[in-house]
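S.K.:
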Amino acid sequence: MRNWTTRAETSADIRAIRDIVLAAFDTPLEADLVDALRADPSWIEGLSLVSTGEDGRPVGYALLTRCHIGDTPALCLAPCAVRPEEQNGGAGSAAVRAALAAARDMGEHYVVVLGHPTYYPRFGFTRACAHGIGLTIDVPDEALMALALDAEHPLPGGIVRYAAPFGI
Numbered sequence: 439m440r441n442w443t444t445r446a447e448t449s450a451d452i453r454a455i456r457d458i459v460l461a462a463f464d465t466p467l468e469a470d471l472v473d474a475l476r477a478d479p480s481w482i483e484g485l486s487l488v489s490t491g492e493d494g495r496p497v498g499y500a501l502l503t504r505c506h507i508g509d510t511p512a513l514c515l516a517p518c519a520v521r522p523e524e525q526n527g528g529a530g531s532a533a534v535r536a537a538l539a540a541a542r543d544m545g546e547h548y549v550v551v552l553g554h555p556t557y558y559p560r561f562g563f564t565r566a567c568a569h570g571i572g573l574t575i576d577v578p579d580e581a582l583m584a585l586a587l588d589a590e591h592p593l594p595g596g597i598v599r600y601a602a603p604f605g606i
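Just so you know, the sequence shown maps onto residues 439 to 606 in the working numbering.
If you want it as structure tokens, here you go:
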């Protein structure tokens, strides 16, 4: 496991982030989503995080944008990506942990993710359906997960409303 440095994206990282996301996914949809979110009101400065190696080159990425659980403001974790040659080395986990810490530091309380049910529980995510959280589209119960960033604010129930670029 390597040591990764994490930081919020800068304008100089935009091309590298697009390259990371393009390399990590089979289609350009997720990279296009990041670009669309960057121009959307759901974008929150400081919640687009990269992980870098010793050379300072971004290799991992995690993005949190505004969504709602019912009428309650929350964050959506998506997409998360790592350059294929760096996968399984901790770069993605480092970016996700940094994004969650940044959100907590900003006073955010809730995060939802639609993703791999064996990956996200390591960060504290649990099945959203156990908290009365759902979507307007059909997804496997185990794929939609939620996290309360602090114990004083238990997860609210409701339907997740994503930012418009998600198309959900």
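Every residue gets a Cβ at the ideal spot worked out from N, C-alpha and C, and that includes glycine. Fair warning: this is a prediction, and the values are worked out from it, not measured in the lab.
How many Å lie between S480 and H506 at the Cα?
M.R.: In a straight line, the C-alpha of S480 is about 10 Å away from that of H506.
S.K.: What are the complete beta strand (DSSP E) segments, minimum 3 residues, inside the stretch 467 to 518?
M.R.: DSSP runs (the beta strand (DSSP E)) wholly in the stretch 467 to 518: 486 to 490 and 496 to 507.
S.K.: What whole-angstrom Cβ distance do M583 and A566 have, given they're in contact under 8 Å?
M.R.: That belief holds up - the Cβ atoms of M583 and A566 are roughly 6 Å apart, short of 8 Å.
S.K.: Would V551 and A516 be called neighbours here (beta carbons separated by less than 8 Å)?
M.R.: It is a contact, given that the beta carbons lie within the stated cut-off.
S.K.: At what residue ranges does the stretch 520 to 584 contain a whole run of the beta strand (DSSP E), taking only runs of 3 or more?
M.R.: Segments of the beta strand (DSSP E) lying fully in the stretch 520 to 584: 548 to 552.
S.K.: With which residues is V459 paired in a DSSP beta bridge?
M.R.: DSSP output for V459 lists no bridge partner at all.
S.K.: Using alpha carbons as the reference points, say which of E590, A568, V472 and L587 lies closest to A581.
M.R.: Comparing Cα-Cα distances from A581 to each of E590, A568, V472 and L587, the minimum goes to A568.
S.K.: Give me, in chain order, the residues of the same chain whose beta-carbon lies closer than 7 Å to that of A512; leave out the 5 immediate sequence neighbours on both sides.
M.R.: The residues are C505, H506, Y548, V549 and V550.
S.K.: Answer with buried or exposed for T465, where buried requires no fewer than 16 other C-beta atoms within 10 angstroms of its C-beta.
M.R.: Per the 10 Å Cβ criterion, exposed.
S.K.: Return yes when the Cβ of A469 is within less than 8 Å of the Cβ of V459, no when it is not.
M.R.: A contact, by the Cβ cut-off of 8 Å.
S.K.: Note down, in chain order, each residue of its chain lying with its Cβ closer than 6 Å to the Cβ of D490, except the 5 sequence neighbours on either side.
M.R.: According to the sequence displayed, residue 490 carries Thr and not Asp. Here the set comprises T443 and P496.
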